[in-house]
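Colleague:
2 protein chains.
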Amino acid sequence: MPIYNAPLADMKFILNDVFKAEQFWQDNENLAHVDAATAEAILEEMAKFAQNVTHPLNRTGDEEGATYNNGSVTTPAGFKEAFKQYAEGGWIGLGADEEWGGQGMPKMLTVLSDEMLFATNPSFMLYPLLSVGAGMALNSYASQEQKETYLPKMYTGEWSGTMCLTEPHAGTDLGIIKTKAERNEDGTYNITGTKIFITGGDHDLSENIIHLVLAKTPDAPAGSRGISLFIVPKFIVNADGSLGERNAAGPGSIEHKMGIKASATCVMNFDGAKGYLVGKENEGLAAMFVMMNYERLSMGIQGLGASEFAYQNAAQYATDRLQGRSASGVQSPAKPADSILVHGDVRRMLLNARANNEASRAFAVYVGQQLDITKFSTDAEAVKKANDRVALLTPIAKAYLTDTAFNATLDAQMVFGGHGFIREWGMEQCIRDLRIAQIYEGTNGVQSQDLIGRKTIKCGGAFIAEYIQEIRDFANDLSADLNFIKDATLDAAAEVESVTQYVLEAASENVEFSNSAAVDYLHAVGLLSFSYMFARIANAAKDKDGEFYQNKLSLALYFVQRVLPELAVRIQKVKAGSEVIMNFSEDYFTNQA
Amino acid sequence: MPIYNAPLADMKFILNDVFKAEQFWQDNENLAHVDAATAEAILEEMAKFAQNVTHPLNRTGDEEGATYNNGSVTTPAGFKEAFKQYAEGGWIGLGADEEWGGQGMPKMLTVLSDEMLFATNPSFMLYPLLSVGAGMALNSYASQEQKETYLPKMYTGEWSGTMCLTEPHAGTDLGIIKTKAERNEDGTYNITGTKIFITGGDHDLSENIIHLVLAKTPDAPAGSRGISLFIVPKFIVNADGSLGERNAAGPGSIEHKMGIKASATCVMNFDGAKGYLVGKENEGLAAMFVMMNYERLSMGIQGLGASEFAYQNAAQYATDRLQGRSASGVQSPAKPADSILVHGDVRRMLLNARANNEASRAFAVYVGQQLDITKFSTDAEAVKKANDRVALLTPIAKAYLTDTAFNATLDAQMVFGGHGFIREWGMEQCIRDLRIAQIYEGTNGVQSQDLIGRKTIKCGGAFIAEYIQEIRDFANDLSADLNFIKDATLDAAAEVESVTQYVLEAASENVEFSNSAAVDYLHAVGLLSFSYMFARIANAAKDKDGEFYQNKLSLALYFVQRVLPELAVRIQKVKAGSEVIMNFSEDYFTNQA
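Protein chains in written order, with full-length UniProt numbering: chain A, 1 to 593; chain B, 1 to 593.
Encoded structure:
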């Protein structure tokens, strides 16, 4: 039976010591209702919920899966009760505005509560996650009446939300969607089309499901400028808020997948379903991107959660498993063999995962803090700067955190040897459940295009330059006893600055360049970001007494010596350019001869 | 429905042009019965079998799985008929000695036929694979009478074989196994104990199953020097060769696994089962290693097969999938979008896989040729040299080929976007089925220990020095138009030579060093090996006309520019040493605070 112990000590260290969260909150009048004690109490409560409620449902949920029958979806045993308990605890609206029944907590904090849920039950987590994302899109773009109608019930969990974007022929390229929206005389629309890969498109957890659907009006401009966003409820909501007739919107089937089997991934059929326009016609993509950007950071947290779960189980297994003897001589003479923790290669795999977890967690809180500035700060200049930073870091949070987490879970599985391949140990499910995080909400390749294109080349490198400046300023202030991370971080910053310049020049000369270089460029910026996080972690730990803090410094050194070297190869691959890739004819790929 | 077209053109190119196989066979009197026409006919026949018989059973086999009921295992629908057809085609004994009913074909050839089976149905392939491995161990160590009793029926498929090593508490460390062998007065033994992870431990494909079981006699020395090998048949074989009573050896259950679900992975209970000693007491491990080394190369082929399968499907998907437009301008104006093959990042993923496939295939044939020299050559000096080379390259064939193949299948899955996560496309099964190849037959970490320890440090680097010399000699002879691969290969050889020297020195000073450095060292030697293979491929292609050959050179260039750079970071990680890993207390790993 897999274990999970919420990593509260590291979470508190990151909030309190690395980011001095309480001071940040108290300094901001819109966040002054949050203090460290409240934050810690929330984390401790969520730890209990994750350990006691969602964790035990993780494997049974995978075994049973969500099931589709006669036009409706049933979630695995226990999910309904768990969702009810989650909703009643106020967790769905933890980060939502108090005006609509939320608790108004900062993102710096909610990323950590989200991590625990993703660690213990990613399938479960996706249900409330979609509600929260849909709520954010409505909060930003819906009318006051729409907000009043939908938001409070979504935060109580009476209703839930989805995002309906993908169609069978259109995923990344939403400009070619076919779902139609025809305006009725009463101002409503008839929505007709098929959407696929709709997470939580149907289920039995809530009374109603509020679908946010992208569709095109008959006279819409071609491409992504002609996309509108609609609210399409499963049950029409009467004027008094009660539920009316069933809408012509429902699941046609669910997908059979590699993982997250307890999460219903639906094919959704809209057969002239009644829909309500959100915002203006043809401006739907912007609203959907509010939701998408939220989900993208969340996918990074999914990675972190899985990696933490995998690490804890692998560390425990390695401690318990006796095989072979230490190269330095027998360590446990009374036992038939030493624990496999005596082997450097086993430790290497565990440390890869642990370094990933601690850097990812700090990075998630850092991005959360930037999001909090955009939402809560009253300083227009700070908001502008944070918006740029969030734009830059969102694709990294999504893609880099899931790529590195996936590798960490693979390392953790390998620690188990053959047992890692067996279902009961939970590692193989962890990997199957995590893999989708690299794919959905825009594949990590698409995230990389976003980073190198819209977020770097388009602004002439301004966003990354500001970020590098912040990192440099921080590193330059580090004391001499932290030279190992100071020098590494300054070197990495210089390397990324230089390769960014290379990217800007190469892209201006060759339109094919950026696509070919994107993934490696994203990983380069990701490595710099983790180095920056370890610099902040080391700085927070260095003057404190105790093994806990000493180990933070040792882990930072591990990162510098055994992970950061990858930066050089990423940069070399960026510079390899696109010719060696685009050189082949299209026929080459499917022809063997 | 996934596709598979046997890559016969590349296989023939590698055999005929790269390795000039016919000349090699004709020059060796023990292989003079093999010519190019025979080899090609065999590959073409196997291609038909793989495409028409095992390929269609791959997904159904995964869905149904092997099932355990009342002490016996049933394979999925169709497996029994396919196995019969395979056996009747003489495929089980393709590489076995003619004396026992085999076809006496060289390993250079059988690696390629194995690839097709692994590509189309790895679960199926494991059944005959274990028979062949068991046959090899018997062929090397069993008595004449034992060979006569067992081998012919194993090659006809009437009987099959297993290897029973692992126990619940003992995997890598076989020295601590508990299974007991007590000698009876008639010279047989009573075998008692539990083995786990026994591939094909029970099934319905053959009349009898010949288990090769490691056990300890009561007075055996402690550790791995006290292990003996026994034949334990499922049914006792009467003196006339007919089947007698059921032995006290059978499955207690089967494992529920991440993948290869159609392959029965059994818990085997031996309750005083009758066993027959193979060779001498306490010398069982050497016999088992004959089998293990064979299986280890096979696992590399499993990787290659999966990577080829994944590549073909991803290339077809990318050709068919229309999303977005080329950065260079619209390529298919009549269509709503261009094929995703216009995107450099999609090509990057496909080329990673294809470069892996072509280098892996060449490397498998190269190692096969070395094995053929050890078996068929009459030149004692050549045999000695080839034995050393096989010893060096076996862990690389197992670990490097499965590590790179796993990454290739992940890249291929990513080409599909969300569809890669859905079962019907076959990519997620491919990944689930392949993952075990990195784990079983000694994890890739254990392979790396073998390479750096027994195969490098123990001989003072002699094996790798000889290998590097061969590579250097080959590269130095390349003509100037191949400077791109010549220089890259010579540089890589120098780097690996230098890091080997570093390893030898560091290991002599610090007993913990080699374990920590092993995986990165193995990858460094693997990268050099692939560079060597591309040098041989390029040399074979350069003077030939046609796009097929031109593309070989382009792929070699892709490898040099976009894969080989990883060598530098592997070397840097080797040199990072073990201190930064061993520095942590054992408690650290399970303690959060």
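Just so it is clear, CB atoms sit at the ideal spot from N, CA and C, and this is done for glycine as well.
(1) Quick one: which chain A residues come within Cβ less than 8 Å of residue 417 of chain B?
(2) What are the residues in the stretch 334-355 of chain A lying within 9 Å of chain B by C-beta distance?
(3) How about residue 427 of chain B and residue 449 of chain B: are their beta carbons less than 8 Å apart?
(4) Which residues in chain A sit within 9 Å of residue 183 of chain B, going by Cβ to Cβ distance?
(5) At the level of alpha carbons, what is the spacing between residue 6 of chain B and residue 58 of chain B?
(6) Would residue 107 of chain B be called buried (16 or more neighbouring beta carbons within 10 Å of its own) or exposed?
(7) Is there contact between the stretch 72-90 of chain B and the stretch 254-272 of chain B, where contact requires at least three CB pairs shorter than 8 Å?
(8) Relative to the alpha-carbon of residue 459 of chain A, which residue among A:272, A:331, A:392 and A:408 has its alpha-carbon at the smallest distance?
(9) Quick one: what's got a C-beta closer than 8 Å to residue 169 of chain A's C-beta in the same chain, skipping five residues either side?
(10) Helix, strand or coil: how does DSSP classify residue 461 of chain A here?
(11) Count the other CB atoms, across all protein chains shown, that sit within 10 Å of the CB of residue 335 of chain B; report buried if there are 16 or more and exposed otherwise.
(12) May I ask you to list the residues that DSSP assigns as paired with residue 246 of chain A?
(13) Decide if residue 380 of chain B is buried, meaning its Cβ has at least 16 other Cβ atoms within 10 Å, or exposed.
(14) Assuming contact is defined by CB atoms lying nearer than 8 Å, are residue 578 of chain B and residue 344 of chain A in contact in what I supplied?
(15) Assuming residue 384 of chain A is part of the beta strand (DSSP E), what are its boundary residues?
(16) Pairs of beta-carbons, one from the stretch 427-446 of chain A and one from the stretch 486-504 of chain A, closer than 8 Å: are there three or more?
(17) Give the residues of chain A in contact with residue 588 of chain B, contact being defined as C-beta atoms less than 7 Å apart.
(18) Please classify residue 289 of chain B as buried or exposed, where buried requires at least 16 neighbouring CB atoms within 10 angstroms.
(19) Can you say whether residue 443 of chain B is buried or exposed, counting buried as having 16 or more other CB atoms within 10 angstroms of its CB?
(20) I want to see whether chain B comes within less than 8 Å of residue 227 of chain A, judged by CB atoms only; does it?
(21) Between residue 156 of chain B and residue 211 of chain B, how many whole angstroms is the CB-CB distance? I'm expecting something under 8 Å.
(22) May I ask you to report which of helix, strand or coil DSSP gives residue 73 of chain A?
(23) For the stretch 28-36 of chain B against the stretch 220-240 of chain B, do three or more pairs of beta-carbon atoms, one drawn from each stretch, fall closer than 8 Å, so that the two count as touching?
(24) Would you say residue 324 of chain A faces chain B, with C-beta separation under 8 Å as the test?
(25) Could you say which of B:441, B:504 and B:485 lies nearest to residue 461 of chain B if we only look at CA atoms?
(26) Which of the three DSSP states is assigned to residue 609 of chain B in this structure?
(27) Under 7 Å between beta-carbons, which chain A residues line up against residue 316 of chain B? List them in chain order, please.
(28) Assuming residue 481 of chain A and residue 542 of chain A make a contact with CB atoms under 8 Å, what is their CB distance in whole Å?
(29) Please state whether the Cβ-Cβ distance between residue 318 of chain A and residue 350 of chain A is less than 8 Å.
(30) Using a Cβ cut-off of 8 Å (strictly closer), state whether residue 128 of chain A contacts chain B.
(31) Between the alpha carbons of residue 497 of chain B and residue 238 of chain B, how many angstroms are there, rounded?
(32) To the nearest angstrom, how far is the alpha carbon of residue 286 of chain B from that of residue 199 of chain A?
(33) Give the residues of chain B in contact with residue 566 of chain A, contact being defined as C-beta atoms less than 7 Å apart.
(34) Within its chain, find whatever has a CB closer than 7 Å to the CB of residue 538 of chain B; leave out the 5 residues flanking it on each side and keep chain order.
(35) Can you pull the chain B neighbours of residue 258 of chain A, defined as C-beta to C-beta under 9 Å?
(36) Could you work out which residue in A:267, A:257, A:159 and A:520 is closest to residue 165 of chain A when comparing CA atoms only?
Modeller: Quick look at the numbers:
(1) Residue numbering aside, residue 417 of chain B sits at position 417 when the second sequence is read from its first letter. Chain A residues near residue 417 of chain B: 171, 172, 439 and 443.
(2) 336, 337, 339, 340, 341, 342, 343, 344, 345, 346, 347, 348, 349, 350, 351 and 354
(3) Residue 427 of chain B sits at position 427 when you count from the first residue of the second sequence. Residue 449 of chain B sits at position 449 when you count from the first residue of the second sequence. No, they are not a contact pair.
(4) As a position in the second sequence, residue 183 of chain B is number 183, starting the count at 1. Within chain A, no residue comes near residue 183 of chain B; the closest Cβ sits about 24 Å away, beyond 9 Å.
(5) The residue labelled residue 6 of chain B in the question sits at position 6 within the second sequence. The residue labelled residue 58 of chain B in the question sits at position 58 within the second sequence. Our two residues, residue 6 of chain B and residue 58 of chain B, have alpha carbons roughly 15 Å apart in a direct line.
(6) Sequence index remark: in the second sequence, residue 107 of chain B carries index 107 (1-based). When all chains shown are included, residue 107 of chain B counts as buried.
(7) yes
(8) To locate residue 459 of chain A, count along the first sequence from 1; it is residue 459. In this structure, A:392 is the residue among A:272, A:331, A:392 and A:408 with its C-alpha nearest to the C-alpha of residue 459 of chain A.
(9) Stepping through the first sequence from its first residue, residue 169 of chain A is reached at position 169. The residues are 176 and 178.
(10) Counted from its first residue, the first sequence places residue 461 of chain A at position 461. Residue state, collapsed to three classes: coil.
(11) Walking along the second sequence from the start, residue 335 of chain B turns up at place 335. Classification of residue 335 of chain B: exposed, given that the 10 Å Cβ count is below 16.
(12) Your numbering for residue 246 of chain A matches position 246 in the first sequence. Looking at the DSSP assignment, residue 246 of chain A forms a beta bridge with A:235.
(13) Taking the second sequence and counting its residues from 1, one reaches residue 380 of chain B at position 380. The residue is exposed, with fewer than 16 neighbouring Cβ atoms inside 10 Å.
(14) Taking the second sequence and counting its residues from 1, one reaches residue 578 of chain B at position 578. Taking the first sequence and counting its residues from 1, one reaches residue 344 of chain A at position 344. In this structure, residue 344 of chain A lies closer than 8 Å to residue 578 of chain B by Cβ.
(15) Translated into the one-based positions of the first sequence, residue 384 of chain A becomes position 384. Where residue 384 of chain A is concerned, there is no enclosing beta strand (DSSP E), although the alpha helix (DSSP H) it sits in stretches over 380-395.
(16) no
(17) Here residue 588 of chain B is taken as the residue at index 588 of the second sequence, counted from 1. The answer, in chain order, is 551.
(18) Walking along the second sequence from the start, residue 289 of chain B turns up at place 289. Classification of residue 289 of chain B: exposed, given that the 10 Å Cβ count is below 16.
(19) Taking the first residue of the second sequence as position 1, residue 443 of chain B is located at position 443. Result: buried.
(20) Taking the first residue of the first sequence as 1, we reach residue 227 of chain A at position 227. Not an interface residue.
(21) The residue given as residue 156 of chain B occupies position 156 in the second sequence. The residue given as residue 211 of chain B occupies position 211 in the second sequence. 18 Å between Cβ atoms; not a contact.
(22) Within the first sequence, residue 73 of chain A is the residue found at index 73, counting from 1. Residue state, collapsed to three classes: strand.
(23) no
(24) Translated into positions along the first sequence, residue 324 of chain A becomes position 324. Yes - at least one Cβ of chain B is within 8 Å of the one on residue 324 of chain A.
(25) By 1-based counting over the second sequence, the position of residue 461 of chain B is 461. Comparing Cα positions, the closest option is B:504.
(26) Outside the displayed range of chain B (1 to 593) lies residue 609 of chain B, so it cannot be described from this structure.
(27) As a position in the second sequence, residue 316 of chain B is number 316, starting the count at 1. Within chain A, the residues near residue 316 of chain B are 590.
(28) Residue mapping note: residue 481 of chain A aligns to position 481 of the first sequence, counting from 1. Residue mapping note: residue 542 of chain A aligns to position 542 of the first sequence, counting from 1. Contact holds; Cβ gap of about 6 Å.
(29) As a first step, residue 318 of chain A must be located in the first sequence, where it is residue number 318. As a first step, residue 350 of chain A must be located in the first sequence, where it is residue number 350. Taking 8 Å as the Cβ cut-off, residue 318 of chain A and residue 350 of chain A qualify as a contacting pair.
(30) Position 128 of the first sequence, counting from 1, holds the residue named residue 128 of chain A. Closer than 8 Å: no.
(31) The residue you call residue 497 of chain B lines up with position 497 of the second sequence. The residue you call residue 238 of chain B lines up with position 238 of the second sequence. For residue 497 of chain B and residue 238 of chain B, the distance between alpha carbons rounds to 56 Å.
(32) Indexing the second sequence from 1 puts residue 286 of chain B at position 286. Indexing the first sequence from 1 puts residue 199 of chain A at position 199. Between residue 286 of chain B and residue 199 of chain A, the C-alpha separation is close to 54 Å.
(33) Sequence index remark: in the first sequence, residue 566 of chain A carries index 566 (1-based). What residue 566 of chain A touches in chain B: 569.
(34) What you label residue 538 of chain B is simply residue 538 of the second sequence in a count that begins at 1. Taken in chain order, the residues that qualify are 482, 485, 552, 553 and 556.
(35) Taking the first sequence and counting its residues from 1, one reaches residue 258 of chain A at position 258. What residue 258 of chain A touches in chain B: 413, 420, 421, 422, 423, 427, 428, 429, 431 and 432.
(36) Translated into the one-based positions of the first sequence, residue 165 of chain A becomes position 165. Nearest Cα to residue 165 of chain A within the set A:267, A:257, A:159 and A:520: A:267.
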